[in-house]
Structures are given as structure tokens and as C-alpha cells.
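Numbering (the numbering used here), first residue to last: 22 to 365. Glycine residues also receive a C-beta, built at the ideal position from the N, C-alpha and C atoms.
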């Protein structure tokens, strides 16, 4: 170390410890005490917030039901960078935000932010790294505040998919803001237009998302392509039929149209081609036998749909497959959801 740097280091050490350094006398003890007093005053006034961190067993933590991460979708592959970072450091560096529980004997904490950290530490614990604990920061907050904190922490994270964020916003809209989109946008400090795009994604019917390898592949830019296609009854049926065809092809060949952008382009081009064909035929949009609604449990057709024109559908309920009033009501709801998804 050079003489100048050594002198600087000695002076700094003297200022901290109160022992005279080479550059002269130490700072008076009174100054150090004053600094500490001022620091405590700042904490007491709320200007500085102190946080308490605890290292706990991840098994003592459960996910908050309003958490915006799809915990079941977490795997070693999508968490491996975080896992390797924790393993290399020997500890978790950034604490998860949690609430302390008092009404559940099986768990001590509820995770508000930090599902990937919880999953990664849990994975390490089951793979011979039992000494690594889950680092948490307990806070007191109500559900709406927890929702905003989780959103703020995760908004800039690239590993959280648009679909996860969209579903979280749609759930939060009803749960915390009584369906008032403007109120929610104000509380999250975002524009209504920005929030609306995520809600459009969350409201995409399964008849569309089944065209993608996973709903998590659907991005906001894809929604902007697809939303105009499902507003009109005729083009909506074309999209549904195309999505069914794509999903069926992928069932035979897992590598068929795996890129989300390619799926969106295929849906667009199919609608353009079909509508062009119908216009050339002068059919006014007729496309008989174009769709059917099947029951999830056994795949049986329960509703058949013939698009007669842009303004007229012929709907046939398959009565032998609708054995009760409840099944009939469910079939009618599926039909309504297909043609009027979400708030459309």
C-alpha cells in the first residue's frame, strides 16, 4: 500500500475507532456519539426504516393465495441460475417478503414475494444442502398492500411471464378493487391503457390459448394481434377452429409451431385467408359445421355450431349428452363464454 493510501486508511480507521491515526488526532468521542444519536432519531422519526431478517426452514412457509407467481410451474430449469447463485454463495442474498401467521399450526410465514427463492432453497435442501436456510423479511400488511408490494417487486422481473402477471391483475381487480379498473390503475401507479392490455391477456379464452404450447408463452404483443380477430363472430369461429387444428397437429408432432410468434401469425393468416375465401364465394360469412363444444371429462360433443352469416348462428344442443339441468346450464355457459369472453 502506498504511503498516501496508508495514511488515508489510518485516518479512516481512526475516525471509526477513536484511536489516533498517523495524520493527527482522532475525532472526538462526542462526534461519534452525536452521529449515533442522530441515527436513532432518524429511525424513530420514520426517515429510516430498519428491517429484521430471519433465516427459517422453507417448510414452515406457505405461498400467499394472492401470489402472482405460478409456483407449480417452477422447475430446476427455470430456477437453475438462482439455485447456482445461492449454492455458490452458501446463502440466499435477497430476503423474501413474508407475513407472520398466527392461525395455521403447520406454517409460520406466508410468502408475499419470493416464490422462486423459496422453491430454490427448498430444492437445495432436498439435494444435500440442508444448511441453507430461507431468508425472510417479516412485515405487517393487509391483502391489498401485499398485492401492491408483490406487483412492485415483480414488475421489472423478466422471469415473471406476461400471463402470470395478467392473471394476477385480473384476480386483483375483483378481489381488491371491486372491478374498478381506474381505481386499480391509480393504486398501482400505472395507466389504464397499460393495465387494460394485461387484462385482455388474462381474458383470452382457452379456445385461443390452446393453440400455444403453454399459456405462459402468450405475450402482450400477441394479444394485440389476436384480440381484433375474436371480436367478430365469424372470425372468432375461424380462430377457434384454427387453434383446435394447431393443438391437434402439435399432439402428433410436438415440434409443430412451437414459437408463440409463429402461432399468432398462423391465426392471423388463417382468418385473412378464410374471410377472403368467404367473400369470394359471396356467402355473407356462411361456414356450416364450423365448430363444436366438447365436454372436458370425456370429449363428447355437447353443442354444435353452424355459422350461417356474420349475424346469425345456428346452435344445436346435443340433448342425449346433456343429462341434467346442471349439464345444460354448463353447456349454455360454455357457449356464452365462447362468443362473449370476459367483458366483451
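| Query | Result |
| --- | --- |
| Considering only residues of the same chain and omitting the five flanking positions on each side of residue 312, which have a CB-CB separation below 7 Å? | 258, 261, 262, 326 |
| Quick check on DSSP: helix, strand or coil for residue 20? | Since the first residue of the chain shown is 22 and the last is 365, residue 20 is not available in this structure. |
| Quick check: residue 137 and residue 95, are their CB atoms within less than 9 Å of each other? | yes |
| Looking only at its chain, what residues have a beta carbon closer than 7 Å to the beta carbon of residue 68, apart from the 5 residues adjacent to it on each side? | Residue confidence is low: residue 68 scores 49 on pLDDT, short of 50, so the model does not pin down where it sits. No coordinate-derived value is stated. |
| When we look at the beta-carbon of residue 139 and count the other beta-carbons within 10 Å, is it buried (16 or more) or exposed? | buried |
| Is the distance from the Cβ of residue 189 to the Cβ of residue 111 below 9 Å? | no |
| Taking residue 316 as the reference, which of 355, 219, 105, 223 has the closest Cα? | 355 |
| Rounded to the nearest angstrom, what separates residue 333 and residue 254 at their Cα positions? | 9 Å |
| Relative to the alpha-carbon of residue 133, which residue among 145, 166, 196 has its alpha-carbon at the smallest distance? | 166 |
| For residue 162, count neighbouring Cβ atoms within 10 angstroms of its own Cβ and tell me buried if that reaches 16, exposed if not. | exposed |
| Pick helix, strand or coil for residue 199, following the three-state DSSP scheme. | coil |
| List the DSSP bridge partners of residue 270. | Beta-bridge pairing links residue 270 to no other residue. |
| Which same chain residues, not among the five before or five after residue 74, have their C-beta less than 8 Å away from its C-beta? | 116, 156, 157, 158 |
| Can you say whether residue 270 is buried or exposed, counting buried as having 16 or more other CB atoms within 10 angstroms of its CB? | exposed |
| Quick check: residue 234 and residue 247, are their CB atoms within less than 9 Å of each other? | no |
| Residues in the same chain with beta-carbon distance under 8 Å from residue 66, minus the five sequence neighbours each way, listed in chain order, please. | Low local confidence applies: a pLDDT of 49 at residue 66 is under 50, so the model's placement there is unreliable, with the coordinate-based value given in what follows. Result list for residue 66: empty, nothing under 8 Å. |
| To the nearest angstrom, how far is it from the Cα of residue 120 to the Cα of residue 131? | 5 Å |
| Are the Cβ atoms of residue 168 and residue 197 separated by less than 9 Å? | yes |
| How about residue 244 and residue 218: do their beta carbons lie closer than 9 Å? | yes |
| Alpha carbon to alpha carbon, what distance is there between residue 77 and residue 164? | 23 Å |
| Quick check on the burial criterion: 16 or more other C-beta atoms within 10 angstroms. Buried or exposed for residue 395? | Any answer about residue 395 is impossible in this case: the structure gives the chain only from 22 up to 365. |
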